[in-house]
Amino acid sequence: GDVINRAYSGSAKYVLTFKKGLTPPVTGFWSVTMYDADYFFVDNPLNRYSISPRQPLKANDDGSIDLLIQNESPGADKEANWLPAPKGKFVLMMRTY
2 GDVINRAYSG
12 SAKYVLTFKK
22 GLTPPVTGFW
32 SVTMYDADYF
42 FVDNPLNRYS
52 ISPRQPLKAN
62 DDGSIDLLIQ
72 NESPGADKEA
82 NWLPAPKGKF
92 VLMMRTY
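Each residue of the sequence shown is one higher than the one before, counting from 2 in the numbering used here.
Take a look at the structure:
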């Protein structure tokens, strides 16, 4: 759930921020995967079901990276960092390798 232990919901917008140089300390790679409340992938216009540094993520001016987790597009200029959510409840899983 979120910071106050509520289930994630597509009616809200979430931002997962990694400060410059502080992405997960892994030897391989990390990913954040989106599932609906029944643990199925979420159909979306980008056909994107997870987000990771294997994609061309856009850094902010200060070098941090914001992952945008929400139902509606944040705008074309921010879609590189968008993980589309369903309208209802969803589950996020972070994998580290």
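Each residue gets a CB set at the ideal place from its N, CA and C atoms; glycine is no exception.
Out of Thr97, Pro54 and Phe91, which has the shortest C-alpha to C-alpha gap to Arg7?
-> Phe91
Please state if the CB of Arg55 and the CB of Leu84 are separated by a distance shorter than 8 Å.
-> no
Top-ranked residue by Cα proximity to Asp44, from Gly89, Met94 and Ala13 | Gly89
Nearest to Gly76 (by Cα), restricted to the options Thr97, Pro46 and Asp62 | Pro46
Report the rounded CA-to-CA distance for Pro57 versus Lys79, giving the unit in angstroms.
-> 11 Å
Pairwise C-alpha distance: Thr18 and Ala31 | The residue you asked about is not Ala; residue 31 is Trp in the sequence shown. Looking at the two C-alpha atoms, the distance is approximately 14 Å.
Burial state of Pro26 (16 or more Cβ within 10 Å) = exposed
Unbroken beta strand (DSSP E) runs of length 3 or more, entirely within the region 63-93: which are they?
-> 66-71 and 83-85
Cβ-based burial, Tyr98 [other Cβ within 10 Å; buried from 16] = exposed
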